[in-house]
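Have a look at the structure below, then the notes.
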Amino acid sequence: MSVPDDLASMTAAGTAGAVRAGSLSAVEVAKATLERIETINPVVNAFSDVTAERALAEAAGVDEAVSSGADLPLAGVPFAVKNLFDIEGLPTLAGSKINREHTAAKTDATLIRKLTQAGAVLMGGLHMGEYAYDFTGENAHHGNCLNPHDLTRMTGGSSSGSGAAAASGMVPVTLGSDTNGSIRVPSSFCGLFGLKPTYGRLSRHGTFPFVGSLDHLGPLARSAEDLSLVFDVMQGIDGSDPVQADRPLLPTFEKLNEGIGGLRIAVAGGYFREKAEPAALAAVDKVAGALGATAEIDIPEAARARAAAYVITVMEGANLHLERITKRPRDFDPDTRDRFLSGTMVPGVWVQQAQRFRSWFRSMMHKIFEHVDVILAPATPFHALPSGTKTITLGGETMPARPNIGLFTQPVSFIGLPVVAVPVWLDGADLPIGVQVIAPAWREDFALRVAHQLELDGTVKAPVAQL
Amino acid sequence: MSGEFDAKAHVAHMEKMIGLTIEDDWRPVVEAHIAATQKAAELVLSFPLEDDVEAAPVFEA
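This is the structure we're talking about:
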């Protein structure tokens, strides 16, 4: 058994298939992955911790289980997680300096446990924006994650290491979190497939929160098939996340090849076409063209939805960190510190109105989904920005870059809709840009089927960056 | 909201009330952030909601 030269570009499905078939051993995959991490990580700064010893032990266990006839859907698949996931034996950093003082986690987060039980092998924790309040991938404590497709540019955040690790081929699958866009933004900037499931779908137990009423977890990968494979394994209620919904499992992998037949697909107009650079709109149009989607629908009050998510985020985040931001503000990253400080000052009536508006917006979107099954929208208004960018100009308006990278992701996660971000490479472009494939609540299968179809016909792709 | 939002005055009042530390070079940024939040809140508050629209206890779509 030997590891192929193109291990870096192997998908999770490909690796699992080879390990299950006995043509590749999980230990060899783990060793080769560790070697690649050693080479690549110093270039992109994705990993905060590499759990080498654990990975080799887990991989040996997988090989033994496979040889005993165990049916492991993720046999030998290397993966890594944003460092807000609890990893047994490590403090859960959540991108901060303060959490380095925390005691080590006693057990893994639920989703790590589900993946390893399915045969996946954890390689370590990944950098992120401090306390997930970030769209850039920049971090004053741990250094910036660099975009593998252009090292002078941002990865996007806050799941920055999750983007860099998958795009650079260190691992085929990573886990991230998405409160306002933190899976979809790095997917767009780093050219990956990213799944933000329906709010309440996956257990968040064992992860460090940011905004409880908006926090989601999900995978990033280099194929829609891998997203589906991993998503199916991670489903199931664990009783430890107060907002996880007790829904039936939704097997998506077996539905991927159903294609897009029967799905009514439309393009989001209005707000979603106003403050975008031409590349973002061209990417949506390319995807829409490939899907034969000609209808454009307006999503009323999307700007208000985004504003309401903004208000809820700053206050809920500040509430979570109130003691820390009061007692030790100098230990925060300046870029998050000043936002958390401001969040302590938000009147409660503003926040409650935003939560009530959320109900209105959800009801309105329910009505829209009576007429369509999938909505396409840009993931980010532009390609990955140069590192250090502080302001952007969109639609003639100059605004701070950091909070506005998520203009198009924020109204969607506001009401918990499932989304797959798909990576588009426009003709002649040196960088990818993402498109959101948005589905009704609890229909991740719709978005994954569309993403898979787009991948099959070559409209979207996630090549490993050439470093 | 009535009148113009005075971010400086709001920050000066709230930092004392909550017991925050805001150094001089942070202050303009904190003020800019609360001003941005006020602007967002104003947009939300200007939307008429019926009295029976409640915050959802569960936020799934």
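For the protein sequence lines, the chains are E and S, in the order given. Those letters in the first sequence? Residues 1 to 467, per our numbering, in order. Those letters in the second sequence? Residues 1001 to 1061, per our numbering, in order. Glycine residues also receive a C-beta, built at the ideal position from the N, C-alpha and C atoms.
Problem set entry | Cβ shell of ARG184/E (< 7 Å), same chain only, five flanking positions each side left out | ASP178, GLY194, LYS196, ALA379, THR409, VAL419, ALA421, GLY434 and GLN436
Problem set entry | Amino acids of chain S, ordered along the chain, whose beta-carbon sits closer than 8 Å to that of VAL419/E | Correct list: empty, because the minimum Cβ distance to chain S is about 11 Å.
For this session: Give the residues of chain E in contact with ALA1019/S, contact being defined as C-beta atoms less than 7 Å apart.
Result: Residue identity differs from the one stated: residue 1019/S is Gly in this sequence, not Ala. Going along chain E in sequence order, the residues near GLY1019/S (Cβ under 7 Å) are THR326.
For this session: Please name the residue in MET399/E, ALA384/E, LEU111/E and ASN83/E whose C-alpha comes closest to that of GLN244/E.
Result: LEU111/E
For this session: Could you have a look at ARG222/E and say whether DSSP puts it in helix, strand or coil?
Result: coil
For this session: Consider the Cβ of ASP1047/S: report whether some Cβ of chain E lies at a distance smaller than 7 Å.
Result: The sequence shown places Phe at residue 1047/S, rather than the Asp named in the question. It does: the Cβ of PHE1047/S has a partner Cβ on chain E nearer than 7 Å.
Problem set entry | Alpha carbon of GLY212/E to alpha carbon of GLU316/E, nearest angstrom | 8 Å
Exercise. Between GLY406/E, GLY163/E and ARG20/E, which lies nearest to ASP150/E when the distance is taken from Cα to Cα?
Worked result: GLY163/E
Problem set entry | DSSP three-state assignment for THR459/E, whether helix, strand or coil | coil
For this session: State yes or no: is the beta carbon of SER203/E nearer than 7 Å to at least one beta carbon in chain S?
Result: no
Exercise. Taking 7 Å as the CB-CB cut-off, is ASP473/E touching chain S?
Worked result: The first residue shown for chain E is 1 and the last is 467, placing residue 473/E beyond what the model contains.
Exercise. Do you know offhand how far MET170/E's Cα is from PHE1005/S's?
Worked result: 49 Å
For this session: Give the DSSP-derived three-state secondary structure of MET399/E in the structure shown.
Result: strand
Exercise. Are the CB atoms of ALA290/E and ASP427/E nearer to each other than 7 Å?
Worked result: no
Exercise. Using a Cβ-Cβ cut-off of 7 Å (strictly less than) and excluding sequence neighbours within five positions of PHE231/E, which residues of its own chain qualify?
Worked result: LEU195, PRO197, PRO219, THR252 and GLU444
For this session: Use the C-beta contact count for HIS1013/S: other C-beta atoms within 10 angstroms, 16 or more gives buried, fewer gives exposed.
Result: exposed
Exercise. What residue from GLN355/E, ILE375/E and VAL424/E has the CA that sits closest to PHE414/E's CA?
Worked result: GLN355/E
For this session: Please name the residue in GLU258/E, GLN235/E and ASP226/E whose C-alpha comes closest to that of ASP246/E.
Result: GLN235/E
For this session: Please list, in chain order, all residues of the same chain as ALA447/E whose beta carbon is under 8 Å from its beta carbon, the five residues on each side excluded.
Result: LEU195, VAL374, PRO418, VAL419, VAL420, VAL437, ILE438 and ALA439
Problem set entry | Segments of 3+ residues assigned as beta strand (DSSP E) that fall wholly inside the stretch 225 to 287 of chain E | 265 to 268
Problem set entry | Burial state of MET1/E, where buried means 16 or more other Cβ atoms lie within 10 Å | With a pLDDT of only 48 at MET1/E, under the threshold of 50, the placement of this residue in the model should not be trusted, and no figure is reported.
For this session: Check the Cβ of VAL314/E against every Cβ in chain S and list those closer than 7 Å, keeping chain order.
Result: THR1037
For this session: Find the nearest neighbour of ALA1056/S within the set GLU455/E, VAL424/E, TRP360/E and ALA451/E, judged by alpha-carbon distance.
Result: TRP360/E
Exercise. By the criterion of Cβ-Cβ separation under 9 Å, what are the contact partners of ARG222/E in chain S?
Worked result: Near ARG222/E there are no residues of chain S at all, since even the closest Cβ is about 28 Å away, more than 9 Å.
For this session: Enumerate in chain order the residues of its own chain whose CB-to-CB distance from ALA429/E is below 8 Å, with the five nearest sequence positions on each side excluded.
Result: ALA279 and HIS383
For this session: Provide the residue span of the beta strand (DSSP E) that contains PHE79/E, from first to last.
Result: 78 to 82
Problem set entry | Per-residue DSSP class, three states only, for ASN144/E | coil
For this session: Just mark ASN257/E as buried or exposed, buried being the case when its beta carbon has 16 or more other beta carbons within 10 Å.
Result: exposed
Exercise. Alpha carbon to alpha carbon, how far is ASP108/E from THR1037/S?
Worked result: 36 Å
Exercise. What does LEU90/E reach in chain S if we use C-beta pairs closer than 9 Å?
Worked result: Those do not exist, as LEU90/E stays about 30 Å from chain S at its closest Cβ, beyond 9 Å.
Problem set entry | Alpha-carbon to alpha-carbon, THR459/E and ALA282/E | 12 Å
Problem set entry | ALA1009/S at chain E interface by Cβ criterion, 7 Å | no
Problem set entry | Unbroken beta strand (DSSP E) run spanning GLN410/E, endpoints | Element bounds for GLN410/E: not the beta strand (DSSP E) but the alpha helix (DSSP H), 410 to 413.
Exercise. By how many angstroms is the C-alpha of MET399/E removed from the C-alpha of GLY239/E?
Worked result: 42 Å
For this session: Take the Cβ of ALA167/E as the centre, count every other Cβ of all protein chains shown within 10 Å, and call the residue buried at 16 or more, exposed below.
Result: buried
Exercise. Which residues of chain E have a Cβ atom closer than 8 Å to the Cβ of GLU1054/S, listed in chain order?
Worked result: ARG356 and SER359
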